[in-house]
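Structure first, commentary second.
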Amino acid sequence: MPGCYSITAPYQNQKAESTMNLAPDLLASDYKDLIPETLSPSLFHTIRVVDSWESSLGGLRWKWFLRSNLPPPHYKHVSITNTTHKQMVREYKFVVLGNGGVGKSALTVRYVQEFFLARYDPTIEDSYTKTTHIDGEQIVLDILDTAGTEQFTAMRDLYLRNGHGFILVYSITSQSSFNDLRDMHEMILRVKDIDQVPLVLCGNKCDLVDQRVITTEQGISMGQQMKASSYESSALKNLHVEELFVDLVRQVNRTQPKKEMGKKKTKGCSLL
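Here this note's numbering is used: the first residue of the sequence shown is 1026, the next is one more, and so on.
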C-alpha cells in the first residue's frame, strides 16, 4: 500500500486551481515544482486534494495527500508557507511529551493542519511548524512531537534543553499514562536545570466518557503540583486543542524576553 504524506501549500498558478476543480487526483509530475526537494518529488505519482481554504496569510491554500511509490516507515507532515515581507517574527519551540497512544500526534496535527489523524502510527520524532496570530502578534510555532517510548531518546536532552515550553499529555482512559507524568516533569526540570518551566498538562480523549479512569479533579491537582495549566481535550472533537498552545505561548511571553526568540522572515517560499 503506498505511503501518504500530508502537505499544506499555497496556490501558485491558475492551472493548478482549475485542474483541482476537475479531478481530485493529479499527476505529481505536473506539479513537481510544488513538492519540496527534501521529499524527492520523483517518488510521487499522484496528488489527492482533500481540502482548501482561505489562508490567514493571504491567498488560497490547499491540503494534499501525496501517494508515493515507496512506502515510508511512518507519516511525514510538512508545512510550506509563502513569506512575502521581511520582519522579525517570534519563534516558539514547544515539545509535546507523553506515553505512546495518548494522542500526542493527533493533538498536534489537529492544531497545525486542522484535521483529525485517525490512524495510530507510532511516532519516532516529528517536527511541525505553524505560523499564526496570537494576541495580535504574528508568531511561528515549532512543535516537536516526541516518541512515546524510551527507544528513541538519543536527542532527548538536546530538545528538552532547547524547548521554550512543554505539553505533557496523558489519556483520561489510562492510569499509567497519568502516573508517568511526574517522571517526565522531573526529567524536564533536571535537563534544563531550573525549578519551573512554561508547562501545560493535557488530559486527552475526554470524549471517551465511559472509559474514563482519571477524574478532572485529579488532573487539576497534578497541574497545581507542577505549577502548570491543566486542560482536558479531545483531538477527535477538536475540544480545547487550540487553547493548549495559546496558553503555552502566553506563559512563555511572561517568562522569556522577546529579543531572545526573534526569527527573521525572508522573501520567497520556505519549507518549515
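Every residue gets a Cβ at the ideal spot worked out from N, C-alpha and C, and that includes glycine. All of these numbers come straight from a predicted model, not from anything done at the bench.
Test item: CB-CB of residue i and residue j under 9 angstroms
i, j, result
"Lys1230", "Ile1197", "yes"
"Tyr1184", "Val1120", "yes"
"Leu1226", "Gly1244", "yes"
"Val1216", "Asp1182", "yes"
"Val1274", "Arg1135", "no"
"Ala1131", "Ala1260", "yes"
"Gly1188", "Lys1118", "yes"
"Glu1162", "Arg1115", "yes"
"Glu1150", "Asp1170", "yes"
Environment of residue i [buried if 16+ CB atoms lie within 10 Å]
i, result
"Pro1282", "exposed"
"Gln1236", "exposed"
"Glu1079", "Confidence at Glu1079 is low in this model, with a pLDDT of 41, below 50, so its placement is unreliable and no value can be given for it."
"Gln1276", "buried"
"Met1247", "buried"
"Asn1204", "exposed"
"Asp1160", "exposed"
"Lys1155", "buried"
"Ile1239", "buried"
"Thr1241", "exposed"
"Gly1125", "exposed"
"Pro1049", "Because Pro1049 carries a pLDDT of 41, less than 50, the predicted location of this residue cannot be relied on, and the following value inherits that uncertainty. So Pro1049 ends up on the exposed side."
"Ile1219", "exposed"
"Ser1093", "For Ser1093, the predicted structure reports a pLDDT of 39, less than 50, and the residue's modelled location is therefore unreliable. The matter cannot be settled from this model."
Beta-ladder partner(s) of residue i, from DSSP
i, result
"Lys1118", "Asp1167"
"Thr1154", "Asp1167"
"Ser1202", "Bridge partners of Ser1202: none, in fact."
"Ser1196", "Asn1229"
"Ile1159", "Glu1162"
"Leu1224", "Phe1191"
"Gly1123", "Val1194"
Beta-carbon separation (whole angstroms), residue i vs residue j, contact threshold 8 angstroms
i, j, result
"Phe1270", "Leu1166", "7 angstroms"
"His1210", "Met1180", "Contact doesn't hold; Cβ gap of about 19 angstroms is too wide."
"Pro1223", "Thr1280", "6 angstroms"
"Ile1168", "Tyr1153", "5 angstroms"
"Ser1258", "Asp1272", "Actually they do not touch by this definition, with Cβ atoms about 11 angstroms apart."
"Ser1202", "Gly1123", "6 angstroms"
Any non-hydrogen atom of the ligand SAM within 8 angstroms of residue i CB
i, result
"Leu1206", "Looking at this structure, you won't find the ligand SAM or any other ligand, since it has none at all."
| Whole beta strand (DSSP E) runs in the stretch 1246-1290 with 3 or more residues, listed along the chain? | If we require 3 residues or more, the beta strand (DSSP E) runs fully inside the stretch 1246-1290 come out as 1254-1257, 1287-1290.
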